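Residue numbers (the working numbering), protein chains in the order written: chain R, 1 to 534; chain A, 535 to 870. In what follows, a single structure is set out as structure tokens and then discussed.
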Amino acid sequence: MQRFAELLDRLVLTPSRNGKLTLLVDHFRSVEDPDRGLALAAITGDLSISAVKPAMLRTLVTERMDPVLFGYSYDYVGDLAETVSLVWPETTLQGEDVHRPTLGDVVATLQRASRSDGPEILARLLDRADIEARYAIIKLVTGGLRIGVSARLAKQALAEFGRVDVAEIEELWHGLTPPYGELFAWLEGRAEKPEQTAKAMFRPVMLSTPVGDSDLEKLDPHDYAAEWKWDGIRVQAVAEGGVKRLYSRTGDDVSGAFPDLVDAMEFEGTLDGELLVGNPLEATGTFSDLQQRLNRKTVSPKMRQQFPAFMRCYDILVESGEDLRALPFARRRQRLEHFVATLEPTRFDLSPLAPFSGWAALDEMRKSPPHPVIEGVMLKRRDSPYLAGRPKGPWFKWKRDPHIVDAVLMYAQRGHGKRSSFYSDYTFGVWTGPEGAEELVPVGKAYFGFTDQELKQIDKYVRDNTLERFGPVRSVRADREQGLVLEVAFEGLNRSTRHKSGGAMRFPRISRLRWDKPPNEADRIEALQALLDR
Amino acid sequence: MRARDLLRPRPEGLYCPPGDFHIDPVRPVERALITHGHSDHARSGHASVLATRQTLDIMALRYGADFAGSTQVAEIGNSQTVNGVSVTFHPAGHVLGSAQIAVEHGGTRIVASGDYKRQADATCAAFEPVSCDVFITEATFGLPVFRHPPDTHEIGKLLASVEQFPARAHLVGAYALGKAQRVIRLIRDAGYDKPIYIHGALNKLCDYYESQGIALGELRPATVEGGSKGDFAGAIVVGPPSAFADRWARRFPDPMSCFASGWMRIRQRAKQGGVELPLIISDHGDWDELTRTIGETGASEVWATHGREEALVRWCELQGIAARPLHLVGYEDEGD
């Protein structure tokens, strides 16, 4: 348990992806089965333990200490799990409890617990653990580790640990269960690769590369088919022998969030496409609408009715048990067209091809797409098989130009690692309010897009123009007369109630520093609102 | 004699009317008794100062030889009389030279403990409980959530990380007096014998600790003259925490920010400060040390100062010990 607790603590404070990978790989290397597999399951969200309510935790602790002292403590720390882990009275270990519990012990004990004896069993575990382990146990039973590690990153760490391609892990993943003994045995070269026995498995997806400056000159337009690039989320719909699953592009099972779509998966096969909301026969909803359906554990009937999910299909990987991935794109496309024609038309439609006469014509098409939910074009080589990963050549994405706004730097935060002494994360705002009483409203935050040289210049500007400090954050002088104007590029705007401006930028980055531009010439909020209202 | 006639708070600091002296005054006074060399307790400009030899040395290092009109050495454990009031210095285990001051007059003994800790520390004399009627305790970590792990465990975390991330420089933030030398000594005691790099602000005090017989091993200045960034890959660099947020830190390759402080017990504190590797090492007693010490002094009354007094006062009440917060101004209850 100590090793797992330590891992959680380190992961939460390690900002860099590579740092997290090192911590995870070392953990898999140095911790034995089943604990490392259970740690993996806890991180990927595949560990099921019946939950304990925060109120119960509070009762347990105030039975053991003065409630007033607990109150002072909780007020100070602000996190219930952490407070309880720290104030829990230390007990001398005796008899059968003399050993600290392992993660395996903890999970097995908690999984055996019933609703009635759960609290008592939890209390006994906390008695046997030390501070760090108590924190980890409480996080496990209250759900939500919140350590900033995605399932995808955990799989990447597994791939590094076993020196295999992450696509292999993703393909296997849904056939495996915690504590993943056979997976680790294979990754350590002690056993054969586990066989896929589960139904409706995920197949690693094929990704595209952006069109570079001179990529197209060497290519013949006739070798490629073009499609619109829809601004939804990439999904894979798999139905096999009555098992239906909807996967994200990284192989996470997202079926639970889209029961309306899953219900309509009356077919045998594996489809690749874009998940969107609306009714394909009438209108396609915006990404903002789609957001209403993302990251939800349960979906209300109202939600399903207001934002119905559908899939715009662009590839077929398996049809009635036949693996089509080795076929050229043109052949798969024919099979796909026939296949989709048999499906429920309000839930599945075909991503249409976009005929074009040459690269110049296509350039025009991607710059001014015919629908607001289109963010560019896709190019697919007609003779290419369906390959896992991101091979360069067969598939290209060619995006519409980003939106641009001129904003004023308002706050700067110190970065981490290489940038730990630099103010490298910038919050910027645009003008709002009536003429003569304009003020800045923050509209986003960006931390890349500039060179190291520019970073030094902005850092100096921040230090020279600081108004106030709040821990690692500084507010920077920004008014009508003085301020640094940043040209910010972004992909779109989502409606958001969490932001004062009403919208959240997608993929914002600094595209240029406008040292030359006076702050009063930066954009007004109306420029952004126009994007939301489209 | 009533305790509050023997010692009472004044804006300048804790004052003894019959002895006409202050303990750790925050403004210049005629006669000051000083518990230890941290700058919020030991200020310059007093007419006369009574403190341990080491505290006087440290003050001279920090403020120059003329930091007070006159100085007098307090021998540990030897009582002396100041205007008819008996005062005795006892080790406090906080930093080198730190002392508690027992003040006795008219049959009443009050111990002003200054700052103290109970964990073993190779860089200073260990705290000795002194029986008394009134115990004045600090309350920096006076909440049940503060429980410091053994310092050796924390240093183990640091050395494991140095091994795990050999390309990164580990920047350990530690206050210049006491914490820095203790951290360095702990690293040595854990068997690490490579050079340790230090920020210039640590030079004088590290030299002084060495002169007092506390071996710190090979220390090198953390400068890059004639070298390159790569020189610090896998190195341990110790410096004041403020330096690591500053441009000074840019000379190191992909630095791992570590901070040695009791505050690192609280995750949010580490996170907000951008600390990647928190090391829970403190100069101050944790909750268990504070409560244990109050019991060991046998005091029937406790005055709690700088920090989270309310929880400590509550604890005393539950134990049937009279207690009240002592409001002294000018001390940094955040320092550690």
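The C-beta atom is built at its ideal place from N, Cα and C for all residues, glycine as well. Note that the structure is predicted; figures quoted are calculated from it, not measured.
Enclosing alpha helix (DSSP H) for Q529/R [first to last residue] = For the purposes of this step, residue 529/R is taken as residue 529 along the first sequence, with counting starting at 1. 525 to 532 is the extent of the alpha helix (DSSP H) around Q529/R.
Are the C-beta of D26/R and some C-beta of chain A separated by less than 8 Å?
-> As a first step, residue 26/R is located in the first sequence; it is residue number 26 there, counting from the start. True, the Cβ-Cβ gap to chain A drops below 8 Å.
In three-state DSSP terms, what is M790/A?
-> On the second sequence, residue 790/A is found 256 positions in, with the first residue counted as 1. In the structure shown, M790/A sits in a strand (DSSP, three-state: E or B).
Are the C-beta of I458/R and some C-beta of chain A separated by less than 8 Å?
-> For the purposes of this step, residue 458/R is taken as the residue at position 458 of the first sequence. Chain A, which has no Cβ nearer than 8 Å to the Cβ of I458/R, makes this no.
Quick one: grab the DSSP three-state call for N617/A.
-> Indexing the second sequence from 1 puts residue 617/A at position 83. Three-state result, N617/A: coil.
Just the C-alpha distance for A602/A and A838/A, rounded to the nearest angstrom, thanks.
-> As a first step, residue 602/A must be located in the second sequence, where it is residue number 68. As a first step, residue 838/A must be located in the second sequence, where it is residue number 304. C-alpha separation (whole angstroms): 29 Å.
Using a cut-off of 8 Å between C-beta atoms, extract the partners of L86/R located in chain A.
-> As a first step, residue 86/R must be located in the first sequence, where it is residue number 86. In chain order: P678, V679, F680, R681, R799.
Does the separation of the CB atoms of Q236/R and Y224/R fall below 8 Å?
-> Numbered from 1 along the first sequence, position 236 holds the residue referred to as residue 236/R. Numbered from 1 along the first sequence, position 224 holds the residue referred to as residue 224/R. No; because the gap between Cβ atoms is not below 8 Å, this pair is not in contact.
When you check each C-beta in the segment 108 to 139 of chain R against every C-beta of chain A, which residues fall closer than 7 Å?
-> I131
Could you please give me the residues that DSSP links to A226/R through a beta bridge?
-> On the first sequence, position 226 is the one that residue 226/R refers to. Answer is L379/R, bridged to A226/R.
Whose Cβ in chain A lies nearer than 8 Å to the Cβ of P54/R?
-> The residue you call residue 54/R lines up with position 54 of the first sequence. In chain order: nothing, as chain A lies at least about 17 Å away.
When the Cα atoms are used, what is the spatial distance from V629/A to L711/A?
-> Reading the second sequence from its first residue, position 95 is the one you call residue 629/A. Reading the second sequence from its first residue, position 177 is the one you call residue 711/A. Between the alpha carbons of V629/A and L711/A lies a gap of roughly 7 Å.
In chain A, what lies closer than 9 Å to R414/R by C-beta?
-> Taking the first residue of the first sequence as position 1, residue 414/R is located at position 414. Under the 9 Å cutoff, chain A gives A779, G808.
Beta-carbon gap between V393/R and V408/R smaller than 8 Å | As a first step, residue 393/R must be located in the first sequence, where it is residue number 393. As a first step, residue 408/R must be located in the first sequence, where it is residue number 408. Going by the sequence as given, residue 393/R is Gly instead of Val. Result no, Cβ atoms of G393/R and V408/R do not sit closer than 8 Å.
Decide if G856/A is buried, meaning its Cβ has at least 16 other Cβ atoms within 10 Å, or exposed.
-> To locate residue 856/A, count along the second sequence from 1; it is residue 322. It is Ala, not Gly, that sits at residue 856/A in the sequence shown. Around the beta-carbon of A856/A, fewer than 16 other beta-carbon atoms lie within 10 Å, marking it exposed.
Anticipated Cβ contact below 8 Å, T657/A with F623/A, distance rounded | Position 123 of the second sequence, counting from 1, holds the residue named residue 657/A. Position 89 of the second sequence, counting from 1, holds the residue named residue 623/A. That pair is no contact at about 18 Å.
My guess is that L172/R and Q156/R are in contact by the Cβ rule of under 8 Å, so how many angstroms apart are they, rounded?
-> Within the first sequence, the letter at position 172 stands for residue 172/R. Within the first sequence, the letter at position 156 stands for residue 156/R. Separation of the CB atoms of L172/R and Q156/R is rounded to 14 Å, and the pair is thereby denied contact status at 8 Å.
Compute the Euclidean distance between the alpha carbons of P345/R and Y314/R, then round it to the nearest angstrom.
-> Walking along the first sequence from the start, residue 345/R turns up at place 345. Walking along the first sequence from the start, residue 314/R turns up at place 314. Answer to the nearest angstrom: the Cα atoms are 15 Å apart.
Mind listing the chain R neighbours of Q698/A? Cutoff is C-beta to C-beta under 7 Å, in chain order.
-> Here residue 698/A refers to the residue found at position 164 of the second sequence. Simply T22, D26.
For Y549/A, the nearest candidate out of I644/A, G579/A, R842/A, N612/A (CA to CA) = Indexing the second sequence from 1 puts residue 549/A at position 15. The shortest C-alpha separation from Y549/A is found at I644/A.
Take D667/A as the anchor and find which of V616/A, D780/A, G640/A, V679/A has the nearest alpha-carbon.
-> The residue you call residue 667/A lines up with position 133 of the second sequence. Looking at the Cα atoms, G640/A is the closest of the given residues.
Taking the continuous beta strand (DSSP E) assigned at G707/A, which residues delimit it?
-> Working through the second sequence from its first residue, we reach residue 707/A at position 173. G707/A -> beta strand (DSSP E) spans 704 to 707.
Got a sec? Which residues, its chain only, sit under 7 Å from L40/R by beta carbon, not counting five neighbours each side?
-> To locate residue 40/R, count along the first sequence from 1; it is residue 40. Cβ within range, chain order: A154, Y180.
Please confirm whether R234/R and E274/R have their CB atoms less than 8 Å apart.
-> Indexing the first sequence from 1 puts residue 234/R at position 234. Indexing the first sequence from 1 puts residue 274/R at position 274. Going by C-beta atoms, R234/R is nearer than 8 Å to E274/R.
Look at the alpha carbon of R134/R and the alpha carbon of L126/R, and state the distance between them as a whole number of angstroms.
-> Position 134 of the first sequence, counting from 1, holds the residue named residue 134/R. Position 126 of the first sequence, counting from 1, holds the residue named residue 126/R. Across the structure, R134/R and L126/R are spaced so that their CA atoms are roughly 6 Å apart.
Starting from the Cα of R495/R, find the closest Cα among A530/R, P472/R, R524/R and give me that residue.
-> Reading the first sequence from its first residue, position 495 is the one you call residue 495/R. If we check each option's Cα against that of R495/R, A530/R comes out closest.
Report the rounded CA-to-CA distance for M201/R versus V696/A, giving the unit in angstroms.
-> Working through the first sequence from its first residue, we reach residue 201/R at position 201. Working through the second sequence from its first residue, we reach residue 696/A at position 162. About 41 Å.
Which parts of the segment 88 to 139 of chain R are runs of the alpha helix (DSSP H), unbroken and 4 residues or longer, counting only runs that do not cross its ends?
-> 103 to 112, 118 to 128
Going along the chain, which residues of its own chain have a beta-carbon closer than 8 Å to the beta-carbon of E192/R, five neighbours each way excluded?
-> Here residue 192/R is taken as the residue at index 192 of the first sequence, counted from 1. For E192/R, where only same-chain residues beyond five positions count, the Cβ hits under 8 Å are W186.
Report, in whole angstroms, the separation of the C-beta atoms of A330/R and W431/R, which I expect to be a contact under 8 Å.
-> Within the first sequence, numbered from 1, the residue matching residue 330/R stands at position 330. Within the first sequence, numbered from 1, the residue matching residue 431/R stands at position 431. A330/R to W431/R, Cβ: 52 Å. No contact.
With R366/R and R419/R assumed to form a contact (beta carbons below 8 Å), what rounded beta-carbon distance in angstroms separates them?
-> To locate residue 366/R, count along the first sequence from 1; it is residue 366. To locate residue 419/R, count along the first sequence from 1; it is residue 419. The Cβ separation is near 34 Å, so there is no contact.
Which chain A residues sit within Cβ distance under 8 Å of T14/R?
-> For this step, residue 14/R is matched to residue 14 along the first sequence. Result: E810.
What are the boundary residues of the beta strand (DSSP E) that includes R56/R?
-> Position 56 of the first sequence holds residue 56/R. Note on identity: in this sequence residue 56/R is Met, with Arg being the wrong assignment. Note, M56/R: premise wrong, no beta strand (DSSP E); alpha helix (DSSP H) at 54 to 62.
Could I get the ranges of all uninterrupted beta strand (DSSP E) runs contained in the segment 587 to 642 of chain A, with 3 residues as the minimum, in chain order?
-> 602 to 607, 614 to 616, 619 to 625, 633 to 639
Who are the neighbours of L69/R on chain A, taking C-beta pairs under 9 Å?
-> Position 69 of the first sequence, counted from the start, is the residue given in the question as residue 69/R. Taking the beta carbon of L69/R as reference, the chain A residues within 9 Å of it are L677, P678, A845, R848, W849, L852, listed in sequence order.
Runs of beta strand (DSSP E) lying entirely within the segment 770 to 842 of chain A, each at least 3 residues, in chain order = 770 to 773, 790 to 794, 811 to 813, 835 to 841
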